[in-house]
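Read the structure below first, then the notes.
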Amino acid sequence: MAETADILTEKGQRVLLPERSAGCPMADMADRKSAENCMKLLEEKFGKGRILPITYVNSKAEVKAFCGKYGGTVVTSGNAPKILKWGLNSGKIVLFLPDQNLGRNTAVDLGVSLDEMALYNQLKDELYLNCPADKVKIVLWGGYCHVHHFITDETFFEAKKANEGYKVLLHPECRYDIVKEADGKGSTEFIINVVKGAPDGSKFLVGTEKNLVERIAHDNPGKEIKLLDSNSICRNMNKINTENLYETLCEIREGNFKRQVSVDDETAALAVLALDKMLELS
Numbered sequence: 016m017a018e019t020a021d022i023l024t025e026k027g028q029r030v031l032l033p034e035r036s037a038g039c040p041m042a043d044m045a046d047r048k049s050a051e052n053c054m055k056l057l058e059e060k061f062g063k064g065r066i067l068p069i070t071y072v073n074s075k076a077e078v079k080a081f082c083g084k085y086g087g088t089v090v091t092s093g094n095a096p097k098i099l100k101w102g103l104n105s106g107k108i109v110l111f112l113p114d115q116n117l118g119r120n121t122a123v124d125l126g127v128s129l130d131e132m133a134l135y136n137q138l139k140d141e142l143y144l145n146c147p148a149d150k151v152k153i154v155l156w157g158g159y160c161h162v163h164h165f166i167t168d169e170t171f172f173e174a175k176k177a178n179e180g181y182k183v184l185l186h187p188e189c190r191y192d193i194v195k196e197a198d199g200k201g202s203t204e205f206i207i208n209v210v211k212g213a214p215d216g217s218k219f220l221v222g223t224e225k226n227l228v229e230r231i232a233h234d235n236p237g238k239e240i241k242l243l244d245s246n247s248i249c250r251n252m253n254k255i256n257t258e259n260l261y262e263t264l265c266e267i268r269e270g271n272f273k274r275q276v277s278v279d280d281e282t283a284a285l286a287v288l289a290l291d292k293m294l295e296l297s
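The sequence shown begins at 16 in my numbering and counts up one residue at a time.
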């Protein structure tokens, strides 16, 4: 996300990350080289110029640049339905990366069957088909957010059984087999708004990152909000704290920008094409 901010900065602006190791494990599951390898394999399978790459905003700048190079774009969990619909109506096969769950859940909502999806294993550079090649509408990259992906069926159904009367809300980064059983799914903004708009006394079981659920509970004291899975913690996000934020501000005052995040000009020029396309479609 810091890279994305740097891509969109104007001349003279700087982006700093208080803790440089606070990356995203899901974003690390896709890079430019593996994306190009995937494109080569897919074009050999489906034909040159037949693939439209779309990446989740939680991805590396070099992956956004890859999408820009091939006429693709970027999505957030909020605008994914609108933009993926554009991609599916383009006459091309969508390559959705790096989060397979967001891609799968959104595509199902848009009427794509599981049998019309393929999965690309970036570790083995292999493509797995569920149907004849001419029936494939979307290829899902084999990445995932560990916070959401590892909410298991067992955890989901046990929590649901133990909390009767609670509505279950899940983030679309969760796996399809539990998302389809939830009372609602959507982006962080969606979850916040559903809880906010509910009457006092409402009960929610929320499957997303622990700190967000605690914040929602704090902001809605008249409602009962519980975290679905106590293991839903992003330790990387938690690396940003008041101490290293304060240190960063002190360094800025001293003219020290050692925590600056910079994207090279070539990568930024291609990535901004994908980001601009997202803004245009939104």
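Where a beta carbon is used, it is the ideal one built from N, C-alpha and C, also for glycine.
- No Cβ-Cβ contact shorter than 9 Å links residue 66 with residue 103.
- DSSP, reduced to helix, strand and coil, places residue 141 within a strand of the structure shown.
- A distance below 7 Å between beta-carbons, with the five flanking residues on each side excluded, links residue 122 to the following residues of its chain, in chain order: 99, 132 and 153.
- For residue 170, there is no enclosing beta strand (DSSP E); the enclosing alpha helix (DSSP H) has its first and last residue at 168-177.
- Secondary structure of residue 211 (DSSP, three-state): helix.
- At least 9 Å separates the beta-carbon of residue 165 from that of residue 183.
- Annotation for residue 61: the continuous alpha helix (DSSP H) segment containing it runs 47-61.
- Sorting 192, 223, 150 and 155 by C-alpha distance to the C-alpha of residue 240 places 223 at the top.
- When DSSP states are grouped into helix, strand and coil, residue 219 belongs to the strand group.
- Contact between the stretch 41-54 and the stretch 133-141 is present: 3 or more CB-CB pairs across the two stretches fall below 8 Å.
- About 18 Å separates the CB atoms of residue 296 and residue 80; that is not less than 8 Å, and the two are not in contact.
- With respect to residue 110, residue 53 sits close: the two C-beta atoms are nearer than 9 Å.
- Beta-bridge annotation (DSSP): residue 132 is paired with 153.
- Residue pairing from DSSP leaves residue 165 without any beta-bridge partner.
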